[in-house]
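Colleague: Counting in the numbering used here, the sequence shown runs from 809 upward without gaps.
The beta-carbon is built from N, C-alpha and C at its ideal position, and this holds for glycine as well.
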Amino acid sequence: MWLTSDRAQAGLQREALLRAEQRATQLSDALAGQVQALIGGIDVALLQLRREWRGNADEFDAVARSLIAALPPGSISHVTVAMAGGDTVYNSLGTADRVNVADREHFRVQQQSGADRLHVGKAVQSRLARNTWTVIVNRPLLQGGRFAGTMNVSVPTGYFADRLAALALDE
């Protein structure tokens, strides 16, 4: 009887582990779909923002804010424009702060690439939105086919954590 009980318990443990693995895969797939949709929406926004950038931060601000509002609430911390030397000349936070991002991976990748491509950077602590960790998604600004800077969107890492927490978890 004791042997039968041990076998039954081992079987139940295997079933529970299998269910947990299946649920983890479902959650992973669900989150991946949400992230993929967000990045696709950000790319469309970056292409539009880049078309609208004329070098005048005041005129550009309304466009940037309207595109931020069109994306899921809380998904975008801010938009920045950095010129070829890495100096930011616009941020949607409404501050006069200017920072240099020439040392940041997301900027260097675009500067060195020479290609017109979307880049999703590693999480970094924002220099503008202090105490906020963000993932920079950007595209290069090109003039005559040459690198002229970057158009950047900052996605707070907390947004991803909130999306994961919002997925229904079983006990």
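Smallest Cα separation from Thr965: which of Val897, Ser885 and Gln817?
Modeller: Of the candidates Val897, Ser885 and Gln817, the one whose C-alpha sits nearest the C-alpha of Thr965 is Ser885.
Colleague: Measure the C-alpha to C-alpha separation of Arg906 and Arg827 and round it to an integer number of angstroms.
Modeller: Looking at the two C-alpha atoms, the distance is approximately 51 Å.
Colleague: Might you give, ordered along the chain, the residues of its own chain that have their beta carbon closer than 7 Å to the beta carbon of Glu860, omitting 5 neighbours on each side?
Modeller: Contacts found: Phe868 and Val871.
Colleague: When the Cα of Arg925 is compared with those of Met959, Arg947 and Ser934, which residue comes out closest?
Modeller: Of the candidates Met959, Arg947 and Ser934, the one whose C-alpha sits nearest the C-alpha of Arg925 is Arg947.
Colleague: Provide the residue span of the beta strand (DSSP E) that contains Arg765, from first to last.
Modeller: With the chain running from 809 to 979 in the structure shown, residue 765 is simply not present.
Colleague: Starting from Arg954 and walking both ways along the beta strand (DSSP E), at which residues does that stretch end?
Modeller: Taken as a continuous stretch (DSSP letters only), the beta strand (DSSP E) holding Arg954 covers Arg954 to Pro964.
Colleague: Out of Ala937, Ala845 and Gly893, which one is the CA nearest neighbour of Ala904?
Modeller: Residue Ala937 is the option with its Cα nearest to Ala904.
Colleague: Tell me whether the beta-carbon of Gly894 lies closer than 9 Å to the beta-carbon of Asn908.
Modeller: A contact, by the Cβ cut-off of 9 Å.
Colleague: Comparing C-alpha positions only, which one of Ala818, Ala931 and Arg916 sits nearest to Tyr967?
Modeller: Residue Ala931 is the option with its Cα nearest to Tyr967.
Colleague: Exposed or buried, what is Thr896 when buried is set at 16 or more other beta-carbons lying within 10 Å of its beta-carbon?
Modeller: It counts as buried.
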